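This note's numbering puts the first residue of the sequence shown at 48, with every later residue one more than the last. By construction, the Cβ of each residue, glycine as well, lies at the ideal position given by its N, Cα and C atoms. Predicted model only: the values in this text are computed from it and were never measured.
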Amino acid sequence: MSDTSFGFLLFGSIGAIGAALAVGTLAALWRYHRTGAFPGHDTAEVVPRSRLVRMWIRVVLGLIVAAYGVYVVDASGVL
């Protein structure tokens with residue numbers, strides 16, 4: 048495996064994980080906003096504000112990691 052393909056695989060995977068983190072957490076937040084329940088919980092529960100803030104931090108962190116993965120893959124000249 049060449050260095051270029053290893054870098055693409057490594058940083059492409061990191062970018063994909065970051066995107067999955069952001070999209071999955073956004074989907075959970077959207078469902079909570081629409082229905083009042085998180086995925087995996089049948090009943091509506093009162094969610095503390097600190098949990099919602101931590102989830103938004105996860106969204107931002109996922110977007111940063113995804114952007115970093117795309118930037119590194121693009122900078123390496125593979126695409």
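**Asked** Should V119 and F53 be called a contact, given that it needs their Cβ atoms to be closer than 8 Å?
**Response** Here residue 119 is taken as the residue at index 72 of the sequence shown, counted from 1. Here residue 53 is taken as the residue at index 6 of the sequence shown, counted from 1. Going by C-beta atoms, V119 is not nearer than 8 Å to F53.
**Item:** N- and C-terminal bounds of the alpha helix (DSSP H) containing V117
**Value:** Taking the first residue of the sequence shown as position 1, residue 117 is located at position 70. R96 to A122 is the extent of the alpha helix (DSSP H) around V117.
**Request:** Give the secondary structure of F85 by DSSP, where H, G and I count as helix, E and B as strand, and everything else as coil.
**Result:** In the sequence shown, counting from the first residue as 1, residue 85 sits at position 38. DSSP places F85 outside both helix and strand once states are collapsed to three, so it counts as coil.
**Message:** Is it buried or exposed, G17, if we count other Cβ atoms within 10 angstroms and call 16 or more buried?
**Reply:** The requested residue 17 is not part of the displayed model; the chain covers only 48 to 126.
**Request:** Please list, in chain order, all residues of the same chain as A75 whose beta carbon is under 8 Å from its beta carbon, the five residues on each side excluded.
**Result:** On the sequence shown, position 28 is the one that residue 75 refers to. Excluding sequence neighbours, A75 sits near F85, P86 and M102.
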